[in-house]
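Be aware that the sequence shown starts at 27, since it is given in our numbering, and climbs by one per residue.
No residue lacks a Cβ here, since even glycine has one placed at the ideal position from N, Cα and C.
Read through the structure below, which is laid out as structure tokens, and then see the notes.
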Amino acid sequence: MEQTILSSSFANPEPVQFETGSFGKLVEQVRTLATCAGQIVTPSPDIWVFRTDSSISYVRSYSSMMNIAVAVSGQKTVRIGNHIKVNDPKNYLLMHGSTHYQASVDASPDDPYIALKLQLSPGILGPILLELADLGGLRDGTFESPPPVFVGPVEDTFAEPLCRLLTCLDNPLERRMLVPLYLREIAFRLLRSDAASLLRASITREHTRVLRAIRFIEENADAGITVQAMAESVAMSGSHFAHRFREITGVSPIQYLKRIRLEKARLLLLEGDLPVSVAAEETGYASTSHFSRDFRRQFGLSPTCYAQSFKEHVAVTS
Numbered sequence: 027m028e029q030t031i032l033s034s035s036f037a038n039p040e041p042v043q044f045e046t047g048s049f050g051k052l053v054e055q056v057r058t059l060a061t062c063a064g065q066i067v068t069p070s071p072d073i074w075v076f077r078t079d080s081s082i083s084y085v086r087s088y089s090s091m092m093n094i095a096v097a098v099s100g101q102k103t104v105r106i107g108n109h110i111k112v113n114d115p116k117n118y119l120l121m122h123g124s125t126h127y128q129a130s131v132d133a134s135p136d137d138p139y140i141a142l143k144l145q146l147s148p149g150i151l152g153p154i155l156l157e158l159a160d161l162g163g164l165r166d167g168t169f170e171s172p173p174p175v176f177v178g179p180v181e182d183t184f185a186e187p188l189c190r191l192l193t194c195l196d197n198p199l200e201r202r203m204l205v206p207l208y209l210r211e212i213a214f215r216l217l218r219s220d221a222a223s224l225l226r227a228s229i230t231r232e233h234t235r236v237l238r239a240i241r242f243i244e245e246n247a248d249a250g251i252t253v254q255a256m257a258e259s260v261a262m263s264g265s266h267f268a269h270r271f272r273e274i275t276g277v278s279p280i281q282y283l284k285r286i287r288l289e290k291a292r293l294l295l296l297e298g299d300l301p302v303s304v305a306a307e308e309t310g311y312a313s314t315s316h317f318s319r320d321f322r323r324q325f326g327l328s329p330t331c332y333a334q335s336f337k338e339h340v341a342v343t344s
């Protein structure tokens, strides 16, 4: 049975560093989190670390969502049908969601298996996939049928956002604001790599419909759109659309619309000296007081205080 530990901060690392550069920093950060054997959770549910100091024979397991493992020491072998891949340092392993697999681990107290684990939801992958397709940024072969597991090198462009992701975990505000951005960057890097076809395969037809509805919401967020209008934009019934939208994204269509409006308003307030009433109106709110309540609930401060604190931070750091 795996032991699950909550990691609230980077405590007492092992004084070992095998690499330099971005991967070296990542090794240090992951080892810092891997304070004991088992699954060590972080404040973000999509990010955790696994460590074992002893070898494990083949065990059966299941991956419910697109899963990334970045090993910093030791070695893990994954078998899915006739496909066998090895996860070892300097390589990441990417596994399709909804997949049964077998895994074995080579590890010892002197060379434990330690890996950073991440999950990428369709809500993260889908919008980037659609944007890249529109911009012609998808690699050749993205839509070929892929094997269910893939191994690729941890290059600096991939290691750097992983480092930034781990750095922001202990700060609640940074975690809330930056983790989704870094996960998007990680997904972008993978979609621009040989792993693209496996990532694309995790997006079903209904995922694609919901993702196109997300685009419709983003393009019309400042208008008075309804859930029915969102559903009709992708030829789905209102009730089925609302159910599938929540299932895929984790939030209701109205909650997502609210997030888009508030994020746009946040940027408007930070980029200029707009009155709160104007920011509310330009992002589709009919009531300034309603906007202010939603803004405080989302960002922890009133619109005015949020903008002022940002200006003070810029003044101090300039």
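Endpoints, alpha helix (DSSP H) assigned at residue i
| i | result |
| --- | --- |
| P198 | P198 to L217 |
| G162 | No alpha helix (DSSP H) contains G162, which DSSP labels as neither H nor E. |
| G264 | G264 to T275 |
| G310 | Neither: G310 is in no alpha helix (DSSP H) and is coded neither H nor E. |
| V53 | G47 to L59 |
Where the beta strand (DSSP E) through residue i begins and ends
| i | result |
| --- | --- |
| L282 | The question names Leu, yet the displayed sequence has Tyr at residue 282. Unbroken run through Y282 is the alpha helix (DSSP H), P279 to E297; no beta strand (DSSP E). |
| I73 | I73 to T78 |
C-beta contact flag for residue i and residue j at 9 angstroms
| i | j | result |
| --- | --- | --- |
| V75 | V104 | no |
| S318 | A306 | yes |
| G310 | R292 | no |
| S70 | V205 | yes |
| L237 | G162 | no |
| T314 | S328 | no |
| R118 | A95 | For clarity, residue 118 is Tyr in the given sequence; the question names Arg instead. In this structure, A95 lies closer than 9 angstroms to Y118 by Cβ. |
| A261 | R235 | yes |
| A239 | A213 | no |
| P172 | H233 | no |
| S89 | M121 | yes |
| Q308 | L300 | The sequence shown places Glu at residue 308, rather than the Gln named in the question. For E308 and L300, yes; Cβs fall inside 9 angstroms. |
| G47 | A185 | yes |
| K102 | N113 | yes |
| L217 | R231 | no |
| V98 | L146 | no |
| D72 | L144 | yes |
| A60 | R86 | no |
| L195 | T68 | yes |
| V131 | G100 | yes |
Residue i - partner residues in DSSP beta bridges
| i | result |
| --- | --- |
| M92 | L146 |
| R322 | Paired residues: none, contrary to the question. |
| T103 | V112 and S130 |
| P179 | N117 |
| R86 | Q128 |
| G64 | R77 |
| A97 | A141 |
Any non-hydrogen atom of the ligand SAH within 8 angstroms of residue i CB
| i | result |
| --- | --- |
| A60 | With respect to the ligand SAH, the structure offers nothing, as it holds no ligand at all. |
* Asked: Curious, which full-length alpha helix (DSSP H) runs of at least 4 residues does the segment 105 to 153 contain?
  -> If we require 4 residues or more, the segment 105 to 153 turns out to have no alpha helix (DSSP H) run fully inside it.
* Can at least three beta-carbon pairs, one atom from the segment 194 to 203 and one from the segment 125 to 145, be found at a separation below 8 angstroms? -> Because the criterion of three Cβ pairs below 8 angstroms is not met, the segment 194 to 203 and the segment 125 to 145 do not touch.
* Fully enclosed by the segment 215 to 254, which alpha helix (DSSP H) runs are 4 residues long or longer? -> Fully enclosed alpha helix (DSSP H) runs of 4 or longer: 222 to 227 and 231 to 245.
* **the segment 180 to 194 contacting the segment 251 to 262, beta-carbon criterion three pairs below 8 angstroms** => Taking 8 angstroms as the limit for Cβ pairs, the verdict is that the segment 251 to 262 does not touch the segment 180 to 194.
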